[in-house]
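Novice: Taken in sequence, the protein lines are chains A and B. Going by my numbering, the first sequence opens with residue 1, and the numbers climb by one from there. Going by my numbering, the second sequence opens with residue 1, and the numbers climb by one from there.
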Amino acid sequence: MAMQTRSAKSTQSRNSLPGKVQTVLGPIEPENLGVTITHEHLLIDLACYFEMPEEASERAWVDAPLTMDRLGGAMARWNYSRDNHQLLDERMAVKEVLPFKLWGGGSVVDATSIGIARDPLALQRISRATGLNVIMGASHYVPVSHPPDMDRRSEDSIADTTIRDITAGVGDTGVRSGIIGEVGNFWPTSDNQLKVLRASAHAQRETGAPILIHPGFHPDSPPHIIRTLDRAGADLSRVIMGHLDVFTDLSWYRDLADTGCMLEWDGFGSEDTALHAVAHQSTEMMSDVQRMTIIQHLIEAGFGGRILVAHDVCTKHQYRHYGGKSFGHILENIVPRMRKRGFTETQINAILVKNPARVLTFK
Amino acid sequence: MAGKVQTVLGPIEPEQLGITLAHEHLLLDLSCFFKVPEAASEREWMEAPVSIERRGTILARWAYNRDSLGLLDERVAVEEVLQYKYAGGQSLVEATSIGIARDPLGLARISRATGLNIVMGASHYVPLAHPPDMDKRSEDSIFERIVRDVTVGVGDTGVRSGIIGEVGNLWPTTENERKVLRASARAQKETGASILIHPGAHPDSPLFIIDELVKAGADPQRVVLGHLDIFNDKAWAKRLAKTGCVMEWDNFGIEDTNTGPIAHQQIELMSDVQRMDMIQYLIGQGYGQKIVVSQDVCFKFSLGRYGGKPYNHIMENIVPRMRKRGFTEKHINDILVENPKRILTFV
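Structural data, given as structure tokens:
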């Protein structure tokens with residue numbers, strides 16, 4: 001049966017996609033998405049970030065399982081706790097994402113791209129197990145996860161893989177990507193990153209898919225990425241700038257929004273500011289209060305149609321099972337707090353339903 | 001007592017304090033805040049033990065999870081607070097006041113077990129924790145009780161309070177709270193001890209309280225305004241600083257803004273980044289001698305074994321981050337040593 005399903009899908013022509021959203025179980029009408037969180041990871045392996053700490057007592061964290069007594073210190077040590085890097089248990093992923101559905105959720109963008117253990121068939125199984133629409137990613141994650149021969153790969157070959165993932169499916173799985181990303185970047189931008197960015201823009205022109213960016217954690221990175229994509233012919237209204245949770249300057253936001261891109265705060269529920277560096281790039285996470293405050297400012301400035309939200313669950317300590325708030329947090333806690341802060345139902349609906357539907361619909 | 005600091009094991013020289021946390025709880029019972037939630041599925045949380053699966057969403061439910069509301073295990077307290085000592089800490093203010101299970105002998109034992117100096121509180125916590133006959137108690141009787149706790153010791157324990165507080169307030173201020181505030185101010189004049197305030201969760205509350213205390217004869221320089229972590233407004237903080245009081249950010253390590261309301265007063269906690277940013281601003285404005293910090297461990301889930309950042313968080317994590325942000329060693333020494341010493345030394 002599975003083989004039949006696959007071959008049936010592989011015969012679908014590229015032309016059937018405009019106007020549709022591509023999920024791991026096939027194309028659907030945008031109206032069927034419902035409440036959508038646009039940047040999550042149901043399964044992932046972030047081992048690419050592993051870095052051995054220098055001090056002996058810190059090395060006790062390297063292979064220790066994530067237990068309650070370690071939670072308070074886990075964020076500061078996220079890059080050398082191997083257990084924390086891995087979301088590998090499919091049944092647990094189902095259990096964690098179901099509350100999102102029970103709170104009213106309909107669809108999830110699984111932003112896992114090449115280099116962090118993208119798993120097309122498992123995403124299909126999770127989608128079937130939960131009834132949630134799952135949209136799978138494509139293209140490459142940050143340089144530390146690039147394949148060893150990345151220096152030699154051409155822009156064309158990267159674009160070809162991305163296009164194939166969207167039009168034919170990943171490998172021989174028959175499961176197709178519905179978004180190009182998360183495309184991973186550090187700051188400053190390396191040549192390989194430029195290559196991946198241009199290839200992603202090329203794949204967008206070819207397929208009509210949206211692009212999802214993981215920028216470097218420096219205020220110059222998102223504007224630089226936008227310029228690079230723009231020059232390579234990307235449709236900026238279909239580019240999602242993720243991880244804005246580390247930028248607090250309102251005038252900076254105005255400039256970014258003026259480029260026409262989509263703005264994503266995907267760290268909802270992550271408020272522990274002990275996370276102060278990702279791959280040596282200094283970061284200071286904002287709180288959910290700060291996220292809502294900035295979003296409210298941008299809505300007032302007329303950018304309510306550009307805003308997306310998510311939890312970017314990518315480490316164990318974000319799972320409810322391990323002391324986190326997990327995939328249900330926005331619907332359970334943030335939406336009521338948005339109402340209390342004066343967000344209208346129209347504004348909330350734009351963020352959770354209309355904006356994701358627009359950006360995920362193929363052109 | 002003038003010129004000395006009063007710990008649960010007796011008076012010491014101020015120089016012996018060293019690094020001092022200005023607002024902690026080693027043992028307490030916050031069940032005064034317990035409130036049955038309306039929704040049936042939420043009631044399942046009432047008797048559930050704090051566990052790793054509940055940890056992520058428990059702050060929203062702190063007021064109806066009984067297990068969260070008690071720090072009752074003395075041996076656990078010793079193990080947890082020893083991490084603070086190992087990180088370089090020497091002293092702490094145990095701010096538990098009347099109504100939330102102050103335990104003078106327990107604190108004396110913990111001090112002996114750990115070698116840490118512990119300064120015990122006095123006066124009354126928030127109205128929910130007041131004794132049932134509070135309406136009938138006179139200002140004089142409250143005043144006398146505080147003075148006795150400081151000069152003779154609590155009950156027949158012989159253990160004496162070294163600070164008046166945390167004096168608990170909600171907003172708006174009730175007559176009983178004003179009575180307690182005036183009695184605390186008078187007890188300060190009588191004993192020379194400092195006052196530590198838990199204000200209501202409204203920006204008007206701290207300013208109102210200072211005014212009330214000063215009218216009753218308190219020295220604002222010897223009043224510590226706690227829990228400033230919910231007022232993220234620099235202009236407001238500067239107004240408060242101008243009263244001369246000591247300002248305390250005592251929720252370091254608690255950054256979950258999904259925290260449920262305190263007695264119907266909605267709060268929004270600042271993050272550690274916002275706390276440091278505010279402190280740095282006030283240092284820049286010349287108020288570096290007016291700042292103290294702490295972690296106010298008061299829920300079970302704040303303990304390290306229950307997934308929190310307990311007594312050692314400031315020493316282990318915040319001090320290095322302060323250095324990275326450009327705090328000088330002098331600034332840090334003022335906040336952790338000199339300012340607490342000045343406040344805790346009786347005049």
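Yeah, the Cβ is synthetic: ideal placement off N, Cα and C, and Gly gets one too.
When you compare the CB of lysine 242 of chain B with every CB in chain A, is at least one pair closer than 7 Å?
Specialist: For lysine 242 of chain B, the answer is no, since every Cβ of chain A falls outside 7 Å of its Cβ.
Novice: Using the beta-carbon count (16 or more within 10 Å), is glutamine 266 of chain B buried or exposed?
Specialist: When all chains shown are included, glutamine 266 of chain B counts as exposed.
Novice: Can you list, in chain order, the stretches of the alpha helix (DSSP H) that have 4 or more residues and sit fully within the region 58-97 of chain B?
Specialist: You should have 74-86.
Novice: What three-state label does DSSP hand histidine 243 of chain A in the structure shown?
Specialist: DSSP places histidine 243 of chain A in coil when its eight states are reduced to three.
Novice: Could you have a look at leucine 21 of chain B and say whether DSSP puts it in helix, strand or coil?
Specialist: Leucine 21 of chain B: strand per DSSP, three-state reduction.
Novice: With three or more C-beta pairs closer than 8 Å as the rule, is the region 267-281 of chain A touching the region 228-237 of chain A?
Specialist: The answer is no - the region 267-281 of chain A does not touch the region 228-237 of chain A, with fewer than three Cβ pairs under 8 Å.
Novice: For chain A, check one thing: does any of its Cβ atoms lie closer than 7 Å to the Cβ of aspartate 250 of chain B?
Specialist: It does not; no Cβ of chain A falls within 7 Å.
Novice: Counting contacts by CB-CB distance shorter than 7 Å, is aspartate 296 of chain B in contact with chain A?
Specialist: Not one chain A Cβ lies under 7 Å of aspartate 296 of chain B.
Novice: To be precise: take each residue of the region 297-322 of chain B, compare its Cβ to all Cβ atoms of chain A, and keep it if any distance is under 8 Å. Which residues remain?
Specialist: Answer set for the region 297-322 of chain B: Gly304, Arg305, Tyr306, Gly307, Gly308, Lys309, Pro310, His313, Asn317 and Arg321.
Novice: Leaving out five residues on either side along the sequence, give the residues of the same chain with a beta carbon under 8 Å from the beta carbon of valine 76 of chain B.
Specialist: If we look at valine 76 of chain B and ignore the five residues flanking it on each side, its Cβ neighbours are Leu303 and Arg305.
Novice: Less than 6 Å between C-beta atoms, sequence neighbours within five positions excluded: which residues of the same chain meet that for phenylalanine 231 of chain B?
Specialist: Result list for phenylalanine 231 of chain B: Pro203, in chain order.
Novice: Could you give the residue range of the beta strand (DSSP E) that holds histidine 224 of chain A?
Specialist: Where histidine 224 of chain A is concerned, there is no enclosing beta strand (DSSP E), although the alpha helix (DSSP H) it sits in stretches over 221-231.
Novice: Please state if the CB of threonine 96 of chain B and the CB of histidine 25 of chain B are separated by a distance shorter than 7 Å.
Specialist: Against a cut-off of 7 Å, the Cβ pair of threonine 96 of chain B and histidine 25 of chain B comes out as a contact.
Novice: Select from the region 75-95 of chain A all residues with a C-beta closer than 9 Å to any C-beta belonging to chain B, and list them in chain order.
Specialist: Here the close residues are Ala76.
Novice: Under a three-way DSSP split, which group does methionine 423 of chain A fall into?
Specialist: The requested residue 423 of chain A does not occur in the structure, where chain A is confined to residues 1 to 363.
Novice: How would you call methionine 52 of chain A, buried or exposed, if buried means at least 16 neighbouring beta carbons within 10 angstroms?
Specialist: Methionine 52 of chain A is exposed by the Cβ-count criterion.
Novice: In chain order, what residues of the same chain have a beta carbon less than 6 Å from the beta carbon of glutamine 90 of chain B, not counting five sequence neighbours either side?
Specialist: Cβ within range, chain order: Gly18 and Ile19.
Novice: Would you say valine 108 of chain A reaches chain B, if we count a Cβ-Cβ gap shorter than 7 Å as a contact?
Specialist: By this cut-off, valine 108 of chain A is not an interface position.
Novice: Kindly say whether serine 287 of chain A, judged by its beta-carbon, lies nearer than 7 Å to any beta-carbon of chain B.
Specialist: Yes - at least one Cβ of chain B is within 7 Å of the one on serine 287 of chain A.
Novice: Checking 7 Å against the spacing of the C-beta atoms, do methionine 241 of chain A and leucine 263 of chain A come in under that value?
Specialist: Against a cut-off of 7 Å, the Cβ pair of leucine 263 of chain A and methionine 241 of chain A comes out as a contact.
Novice: Using beta carbons (cut-off 7 Å, strictly below), is histidine 321 of chain A in contact with chain B?
Specialist: Histidine 321 of chain A counts as touching chain B.
Novice: According to DSSP, simplified to helix, strand and coil, what is alanine 122 of chain B?
Specialist: Strand, per DSSP.
Novice: Please give me, in chain order, every unbroken run of the alpha helix (DSSP H) with length at least 4 that falls completely inside the region 141-222 of chain A.
Specialist: Those alpha helix (DSSP H) runs which fall completely within the region 141-222 of chain A and span 4+ residues are 155-167 and 191-207.
Novice: Suppose the cutoff is 6 Å on Cβ atoms and the five residues either side in sequence are ignored; what does the same chain contact list for tyrosine 322 of chain A look like?
Specialist: Taken in chain order, the residues that qualify are Leu66 and Lys316.
Novice: With 16 other CB atoms within 10 Å as the buried threshold, where does serine 111 of chain B fall?
Specialist: Result: buried.
Novice: Let me check understanding here. Comparing Cα to Cα, which of A:His280, A:Thr259, A:Arg254 and A:Val21 lies closest to histidine 224 of chain A?
Specialist: Ranking A:His280, A:Thr259, A:Arg254 and A:Val21 by Cα distance to histidine 224 of chain A puts A:Thr259 first.
Novice: In the DSSP assignment, what residue or residues form a beta bridge with tryptophan 265 of chain A?
Specialist: Bridge partners of tryptophan 265 of chain A: A:Val309.
Novice: Give a yes or no on whether 7 Å exceeds the smallest Cβ distance from methionine 68 of chain A to chain B.
Specialist: Taking Cβ atoms only, chain B reaches closer than 7 Å to methionine 68 of chain A, which makes this a yes.
Novice: Per DSSP, which one or two residues make a beta bridge with threonine 7 of chain B?
Specialist: Answer is B:Gly10.
Novice: Glycine 105 of chain A by DSSP, collapsed to three states: which one?
Specialist: Strand at glycine 105 of chain A.
Novice: Counting only the same chain and skipping the five closest in sequence on each side, list residues whose C-beta sits under 8 Å from that of proline 220 of chain B.
Specialist: Result list for proline 220 of chain B: Ile210, Leu213, Val214, Thr243, Gly244 and Cys245, in chain order.
Novice: Can you have a look at serine 10 of chain A and say buried or exposed, based on whether 16 or more other CB atoms are within 10 angstroms of its CB?
Specialist: Caution applies to serine 10 of chain A, whose pLDDT of 40 falls short of 50 and renders its modelled position unreliable; the model cannot decide the point.
Novice: Taking 7 Å as the threshold (beta carbon to beta carbon), is glutamine 83 of chain B in contact with chain A?
Specialist: With 7 Å as the cut-off, glutamine 83 of chain B does not count as an interface residue toward chain A.
Novice: Whole angstroms are fine: how far does the CA of valine 62 of chain A sit from the CA of alanine 402 of chain A?
Specialist: No answer is possible for residue 402 of chain A: it lies beyond the span of chain A, which begins at 1 and ends at 363.
Novice: Counting only Cβ-Cβ distances shorter than 9 Å, please list the residues of the region 266-277 of chain A near chain B, keeping chain order.
Specialist: Cβ contacts with chain B: Gly269, Glu271, Asp272, Thr273, Ala274 and His276.
Novice: Helix, strand or coil: which one does DSSP assign to leucine 71 of chain A?
Specialist: Three-state DSSP puts leucine 71 of chain A in a helix.
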